[in-house]
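2 protein chains.
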Amino acid sequence: MYSILKDYLKGKINFTDSQFEEIKHLFAAKTVSKGKVLLQAGEINQHSFFVVKGCLRSYVIDKEGKEHIIQFAPENWWISDLNSYNKQEPAMFFIDAIEDSEVLMNDRGFNEKIAAIVPQADAMFQTLTQNSFRAMQKRLVSHLSATAEERYLEFIKTYPTLALRVPQKMIASYIGVAPESLSRIRKAVAHQ
Amino acid sequence: MYSILKDYLKGKINFTDSQFEEIKHLFAAKTVSKGKVLLQAGEINQHSFFVVKGCLRSYVIDKEGKEHIIQFAPENWWISDLNSYNKQEPAMFFIDAIEDSEVLMNDRGFNEKIAAIVPQADAMFQTLTQNSFRAMQKRLVSHLSATAEERYLEFIKTYPTLALRVPQKMIASYIGVAPESLSRIRKAVAHQ
DNA sequence: CGAGCGCTTGATTGAGTTCAAAAATCGTGG
DNA sequence: CCACGATTTTTGAACTCAATCAAGCGCTCG
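Keeping their order, the protein sequence lines are chains L and F.
Once you know that position 19 of the first sequence is 486 in the numbering used here, the rest is easy, because the numbers rise by one and skip nothing.
Once you know that position 141 of the second sequence is 608 in the numbering used here, the rest is easy, because the numbers rise by one and skip nothing.
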């Protein structure tokens, strides 16, 4: 379980085996089965999650009870409600497992602790945050300027493996269309 | 001109007058008249801007030539294409002045330089980035779950002064509707 | 093996766009 | 400071993309 995290981190920053032994203790290993909710909107989010196996998602539920997916997190992704985590404000998002999963969970204050062991880690997390900021911006732009079909094609281009792995209605939720509409979009794309 | 920046920073971090004298030199004062383009999409963004007076905006132009506004920056706001600035990648956004404005412009590497003078500055900028990340998320969520009217009401609630100051067609562009639609939305809101 | 979930298909509705033109407002030069 | 041209806003009518409602099919997993 921890070896996956080690391999992942090796690709981003340099550290010794003994440093990794220290880092390890900052993560609690957790096995979560499909459907398990790890964060509820409204709660203060005390954790962030690194996915070792399986897939999590974050989503909002709107006033009509509809889910809108913000992020998928398959293997080697981090997921959290960053705003709640950083500022200790109520979370906007729910986080749950959409497959049986194994995650490494860390507590708030983790960022400082890991940076104290491996200073480069701080820059790594800043880069990760920048990446998700950019992804969010791109997504907003595509909602401002692209059609549902374009957003779908963008999705399968950006996340080809997710597109095969995640139920279609969740892809619909992510790109912001009704499941019926996505079904029709796929039909149209296939016939062209 | 610099006194505005000083007042702004005083509200966020502590520093001495002599520290401020050092910080000052990191900013170039610039007077820009309405319509002046400060960043073109595709360029590498070398600057970020602090608005002392007037108002800037960032926006994308889509493949049909339509503008979509990403951010307004009136007095005491920062504006930049952060991804381009941080990673030296081509900018997604244009930045221009929508009023005659006065800005303080800093170069890349500025963050490290200011943090060397006033260590707290780093945390301040991280907080600012977190805030815009959250704003972006909220905006995405409202595109996923709210109607045009709801997004309009949200806008005037969040930015009441901007709503009076910025041309209506730019508000339309920001909330992602045609100018004609916003006109009708306003009419409907007024009659209820 | 059957109940429920996910996907598809059809018919209808509706929010918002587009195109066109008039009305209002702005800004600039004489 | 006023007038005129340009830009912005409003209004109307037709249209379009996607949502909604409804029903049927097929799979899987309990």
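For every residue, glycine included, the Cβ atom is placed at its ideal position computed from N, Cα and C.
This one's a predicted model, so the numbers in the text were calculated from it and none came from an experiment.
Chain-ordered, the chain F residues with CB closer than 8 Å to the CB of G643 of chain L read H610, L611. Here the alpha carbons of S650 of chain L and M591 of chain F stand approximately 46 Å from one another. Using a 10 angstroms sphere on the CB of P646 of chain F, the tally of other CB atoms stays under 16, which defines it as exposed.
Within chain F, the residues I537, N550, M559, M603 have their CB atoms less than 8 Å from the CB of Q604 of chain L, given in chain order. The alpha-carbon separation between V585 of chain F and H610 of chain L amounts to approximately 39 Å. By the Cβ neighbour-count rule, N550 of chain F is buried, with 16 or more other Cβ atoms within 10 Å of its own. For N543 of chain L and I471 of chain L, the gap between their C-alpha atoms comes out near 8 Å. Put simply, of L:I528, L:G521, L:V518 the residue whose alpha carbon is nearest the alpha carbon of G509 of chain L is L:I528. Exposure of V656 of chain F is indicated by the presence of fewer than 16 other C-beta atoms within 10 angstroms of its C-beta. By the beta-carbon neighbour count (other beta carbons within 10 angstroms, threshold 16), N598 of chain F is exposed. The three-state reading of DSSP puts M572 of chain F in strand, counting E and B together. At the C-beta level, F561 of chain L and V504 of chain L come within 8 Å of one another. At a cut-off of 8 Å between C-beta atoms, V633 of chain L does not count as an interface residue with respect to chain F. Chain-order list of chain L residues neighbouring K533 of chain F: S612, by C-beta distance under 8 Å. Runs of the alpha helix (DSSP H) spanning 4 or more residues and lying entirely within the stretch 525 to 569 of chain L occur at 549 to 554, in chain order.
Excluding five sequence positions before and after F482 of chain L, the CB atoms of its chain that fall closer than 6 Å to its own CB belong to V585, given in chain order. Within chain L, the residues whose beta carbon sits less than 8 Å from that of N553 of chain F are Q597, listed in sequence order. Inter-residue distance for E488 of chain F and S515 of chain F is about 20 Å (C-alpha atoms, whole angstroms). Proximity to S640 of chain F across F:F600, F:T628, F:K654, F:F622 peaks at F:F622, based on C-alpha coordinates. Buried is the label assigned to D548 of chain L, since at least 16 other Cβ atoms lie within 10 Å of its Cβ. Against chain F, the beta carbon of F516 of chain L has no neighbour under 7 Å; the closest one sits roughly 18 Å away.
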